[in-house]
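Everything in the sequence shown is counted per the numbering used here, starting at 378 for the first residue and increasing by one.
Note that CB positions come from ideal geometry on N, CA and C, so glycine has one too.
Following: one structure in structure tokens, then a few remarks.
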Amino acid sequence: MRKMKTITMYEAARVDKNELYNLYDTPQNGLDDAEAKKRLEQFGKNTTRIDKKEPFWLKVLKVFSSPFTLVLLGLGVISFMTEYVFADVGDKDATSAIIIFLLVLASGTMTLIQNDRSDKAAKKLQSIVEISAAVKRNGTFSEIPTSTIVPGDLVALRAGDMIPADMRLLSSKDLFISQTSLTGESYPVEKKADAVVKEGDAPISFGNICYTGSEVVSGSAIGIVVSTGLNTMFGDIVRQLASAPIKTSFDIGIEKTSKLLVRFMMVMAPLVIIINGLTKGNWLDALLFGISIAVGLTPEMLPMIVTTNLVKGANDLAKRKTIVRSLNSMQNFGAIDVLCTDKTGTLTQNQIVLEYHLGINGESSNRVLKHAYLNSYFQTGLKNLMDKAIIKAADEEISGLEVGYEKIDEIPFDFVRRRMSVVVADKNGKTQLITKGALEEMLSISSFVDIDGKVRPLTDKDRNKIVEDVDKLNQKGFRVLGVAQKTNPPDVDAFSIEDEHDMVMIGYLAFLDPPKETTHAAIMALKRHHVDVKVLTGDSELVTRHVCKEVGMDIGDIVFGEDLIGITEKELAKIAEEHVAFVKLTPTQKADIVRVLRQNGHVVGFMGDGINDSPAMRQADVSISVDNAVDIAKDSADIILLEKDLLVLEQGLVKGREVFGNIMKYIKATTSSNFGNIFSVLLASIFLPFLPMTPVQLLFLNLVYDLSCMAIPWDHMDMEYLEKPKKWEAASIRNFMIWFGPTSSVFDQTTFLFMYWLIIPMSMGLNYVQLTSGTDITTFESIFHTGWFIMSLWTQTLVLYALRTPKFPFIESRPAFSMMTITLLGMLVGTVIPFTVVGKFLNLLPVPDNFWILLIINVAFYLGLVTLIKKIYVKKYTRLL
């Protein structure tokens, strides 16, 4: 395959644009599919994400190099060396090491499987909302995924698009680009195909080059792709930052939990070794038992449980019309306690209708509609819903308005001026500058007023009358735009903002966007789930107040964007905390409010769908958008809603909490049970003349229990748990271990006492001290080990049901059938093992009949005590999981 020659950005910017077709070997009709496929193989996919397909061996290495796995592997090696390599010929036994390696293998294999499912699920979900671009292939422009764009492709740009690759402009029309993601500048810059690039100019200032990661604010253009993927300017930044990926709160939570358990392990395991070595005199056995204790503290299945929960949660949300683009955002989704949203389309139906087109005197005016139509029709920016409503109304009332008019220039909309202008000329050569925008901004640039066809200076009385009339419309829920014009503006090469002055105000437009019927119910549902909703909009106060009242929101005092200018960070944080509605905000102000709310300790979600929402979405913990949003909003989003409805969002939020709850369920129940077992061993080691369980038995117990926990992701959570947002806190896991670990240890001690002094002596006719035969001593110890093996398995498993809910288990809160089936099956397997060949291999023997009475009594009292402690714990810490 012949490789295409690449050229530098300087060469692309300075060469004649017609020569670019030859340099890139690109026909005027664009590349054909075969050539595009070849170039895709040469240059790779057009993505700045560094997610190269990892070889299988590297995936395996990553899975088996987690902190817990490395600890287990180290313990397994030590066990193998001490029990097999350096042991006497007759004493060689690698069973403990084999079981440890089996634990590692089982956990690693399941994690590999779930990671593979996770990757496939994520790709499948992302393909639903894949970003596309208009590319000319085989002679026609069509939408294709941006990932398949190659150097030499011809790409059409329009308002609302993300620039999909670094490209040189071939033609352009009033093209304004926001390069905020590259330069930090908030104002858009104009790009022109015929801009001249001089030697020494900085690449970012090239007037004929558009860069990946920037956004089209207004205008249109066609360009030829120069660089794709990581070869772009944005890709170079990504490559430099790739060595330090940002950790989510989810990642930090797992990391802190891992460190907490390792610290417990570093304290408890040496204590067990020292106490057993001193009391039993056999330091090798003490070392092996200490290794088993360290293994017992390790939640081997944690990576698999976490991944399974996230994949299952993402698939469940997809069924609820919610697409998760980043699996780890699931936990943050459930943790949201403040939701910031725009107003249009979220609280309202997003179906704007032009109800009135009025002159200054309040009469219906086709002249106002005509000028508004020319402005909306000829502008090349993103035609919003109001533009579409104007065009639709004009087509119905006055057809063929655009005939006889030619567009001369335009001054695109921006979120500071909140207006936009076009310059048109009719067939007689008369030119007009026509501007429409927010009423305050229109009045600020108007010096004259047209009343009944007569133009005269705009007086304060006129201004007050206009404001009064518009306020009345706002109070009824109408959104109002002003319309002004200026005839025969001075001829200039390019019109600019400075030309918007001394305008003639001719009237205004009143739009209606009714509130959604579901919004009130959704707001109430979010409130029940302890999520505060804040409205961040560029709209006016009266319209916002009307809509919020209609949907049942008590917003109190409204904050204006102008009130936030010049205030300190501390003042902004206080205002953001205390107020609910913010109006006339710029995109930067929206982002600042989200940022300070996060600094105040909130987990903030931002829901938006426009260019003006993207800065705030980047600042949020969880960015939420919709499938029909502009490209930049979808690309910024962690969560994509297939319906722009707060009820859909509320369902997804609840699912995120359920996923988090099931993860906590496994971690807290398992670590507290394991800690209780170790605490029991510490006490028993002081008084018992033998180990309460052999290392291999303890490891096998751990294996059976962990495998049965694989069903936890399919369990459900209590409705009460889902009402409040939850954060991952390692301290709560520590508290849980300290409270519930020793609780289980109380009943381990009763098991030891009854087994040692009553149950086994009754079955053998002698107590341990009276035994003289080595066989009898071995039998006594094996029965004792079996008793605690079964007791421990039963208590560990059944306490899952008690600790999965603060309610009374089974009666007030029932677990999922799948969880009950698999965990109880694990109990059954562990109970039957002493009666099988496997039990004989593990030196487990059938227990006396009266043991079963002890088992039932112990389990009943244990669950009763746990239920009591649980109530005290919840009262102290307000939550269980």
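Residues of its chain near residue i, where Cβ-Cβ distance is below 6 Å and the 5 sequence neighbours each way are ignored
{"i": "alanine 389", "result": "Arg545, Val603"}
{"i": "threonine 864", "result": "Gln809"}
{"i": "leucine 1231", "result": "Phe1131"}
{"i": "lysine 422", "result": "Ser524"}
{"i": "proline 580", "result": "Met386"}
Per DSSP, the bridge partner or partners of residue i
{"i": "isoleucine 734", "result": "Looking at the sequence provided, one finds histidine at residue 734 rather than isoleucine. Leu886, per the DSSP bridge assignment."}
{"i": "threonine 523", "result": "DSSP, once it has assigned bridges, lists no residue as partnering threonine 523."}
{"i": "glutamate 567", "result": "Phe553"}
{"i": "glycine 915", "result": "In DSSP, glycine 915 forms no bridge with anything."}
{"i": "threonine 864", "result": "Gln809"}
{"i": "arginine 1017", "result": "Before going further, note that residue 1017 is isoleucine rather than arginine in the sequence given. In DSSP, isoleucine 1017 forms a bridge with Ile700, Ser1002."}
{"i": "glutamate 783", "result": "Ala802"}
{"i": "methionine 984", "result": "Thr718, Ile1001"}
Own chain, CB closer than 7 Å to residue i, minus 5 neighbours either side, in chain order
{"i": "valine 701", "result": "Leu502, Ala691, Leu694, Met707, Ile1016"}
{"i": "aspartate 393", "result": "none"}
{"i": "leucine 337", "result": "Residue 337 lies beyond the residue range present for the chain, which begins at 378 and ends at 1258; the question has no answer from this structure."}
{"i": "valine 971", "result": "Cys717, Val981, Phe983, Ala993, Gln996, Ala997"}
{"i": "histidine 1014", "result": "Reading the sequence as shown, one finds alanine at residue 1014 and not histidine. Excluding positions up to five away in sequence, the list reads Arg702, Met994, Ser1000, Ile1001, Ser1002."}
{"i": "alanine 621", "result": "Unreliable placement is indicated for alanine 621, whose pLDDT of 44 sits below 50; no coordinate value is reported for it."}
{"i": "isoleucine 1154", "result": "Leu1148"}
{"i": "methionine 1204", "result": "Leu1170, Trp1171, Thr1174"}
{"i": "arginine 391", "result": "Val574"}
Beta-carbon proximity list for residue i, same chain, < 8 Å, skipping 5 on both sides
{"i": "arginine 514", "result": "Gly407, Leu408, Asp409, Asp410, Ala413, Ile521, Asp530"}
{"i": "proline 1296", "result": "This structure cannot settle anything about residue 1296, because the visible part of the chain is limited to 378 through 1258."}
{"i": "glycine 739", "result": "Asp846"}
{"i": "tryptophan 1291", "result": "Residue 1291 cannot be examined here, being either before or after the span of the chain that is shown, 378 to 1258."}
{"i": "asparagine 851", "result": "Val857, Ser917, Glu918, Leu919, Val920, His923"}
{"i": "glycine 814", "result": "Phe790, Arg794, Arg795, Arg796, Met797, Leu858, Gly859"}
Coil, strand or helix - residue i by DSSP
{"i": "phenylalanine 872", "result": "coil"}
{"i": "isoleucine 970", "result": "helix"}
{"i": "threonine 1244", "result": "helix"}
{"i": "alanine 542", "result": "coil"}
{"i": "tyrosine 461", "result": "helix"}
{"i": "proline 580", "result": "helix"}
{"i": "glutamine 728", "result": "coil"}
{"i": "lysine 813", "result": "strand"}
{"i": "leucine 618", "result": "With a pLDDT of only 45 at leucine 618, under 50, the local geometry of the prediction cannot be trusted, and the value read off the model is given with reservation. Helix at leucine 618."}
{"i": "valine 800", "result": "strand"}
{"i": "valine 1206", "result": "helix"}
{"i": "isoleucine 384", "result": "coil"}
{"i": "tyrosine 1254", "result": "helix"}
{"i": "methionine 1041", "result": "helix"}
{"i": "alanine 510", "result": "strand"}
{"i": "isoleucine 1230", "result": "helix"}
{"i": "aspartate 1125", "result": "helix"}
Cβ-Cβ distance between residue i and residue j below 8 Å
{"i": "lysine 849", "j": "histidine 923", "result": "no"}
{"i": "methionine 645", "j": "isoleucine 1044", "result": "no"}
{"i": "glutamate 939", "j": "lysine 961", "result": "yes"}
{"i": "leucine 1080", "j": "leucine 479", "result": "yes"}
{"i": "isoleucine 1199", "j": "methionine 1087", "result": "yes"}
{"i": "isoleucine 601", "j": "threonine 403", "result": "yes"}
{"i": "phenylalanine 1052", "j": "phenylalanine 641", "result": "yes"}
{"i": "glycine 584", "j": "alanine 598", "result": "no"}
{"i": "isoleucine 540", "j": "serine 591", "result": "yes"}
{"i": "glycine 859", "j": "methionine 882", "result": "yes"}
{"i": "tryptophan 1091", "j": "serine 1195", "result": "yes"}
{"i": "leucine 735", "j": "alanine 950", "result": "no"}
{"i": "isoleucine 729", "j": "leucine 762", "result": "yes"}
{"i": "serine 753", "j": "lysine 747", "result": "no"}
{"i": "leucine 1180", "j": "alanine 1046", "result": "yes"}
{"i": "valine 800", "j": "glutamate 787", "result": "yes"}
(request) May I ask you to verify whether the segment 1038 to 1046 touches the segment 1061 to 1077, counting CB pairs closer than 8 Å and requiring at least 3? (result) No: the two stretches stay apart, fewer than three of their Cβ pairs being nearer than 8 Å.
(request) Decide if the segment 1228 to 1240 is in contact with the segment 1096 to 1107; the criterion is three or more beta carbon pairs, one per stretch, under 8 Å apart. (result) No, the segment 1228 to 1240 does not touch the segment 1096 to 1107.
(message) Contact between the segment 921 to 935 and the segment 767 to 775 is defined here as three or more beta-carbon pairs at a separation below 8 Å; is this criterion met?
(response) Proximity of the segment 921 to 935 to the segment 767 to 775 falls short of the contact definition, fewer than three beta-carbon pairs being nearer than 8 Å.
(message) With three or more beta-carbon pairs closer than 8 Å as the criterion, would you say the segment 1207 to 1222 touches the segment 1069 to 1088?
(response) Yes: the two stretches touch, three or more of their Cβ pairs being nearer than 8 Å.
(request) Kindly confirm or deny that the segment 1197 to 1213 and the segment 1158 to 1172 touch, where touching means at least three C-beta pairs closer than 8 Å. (result) Of all C-beta pairs linking the segment 1197 to 1213 to the segment 1158 to 1172, three or more are shorter than 8 Å, placing the two stretches in contact.
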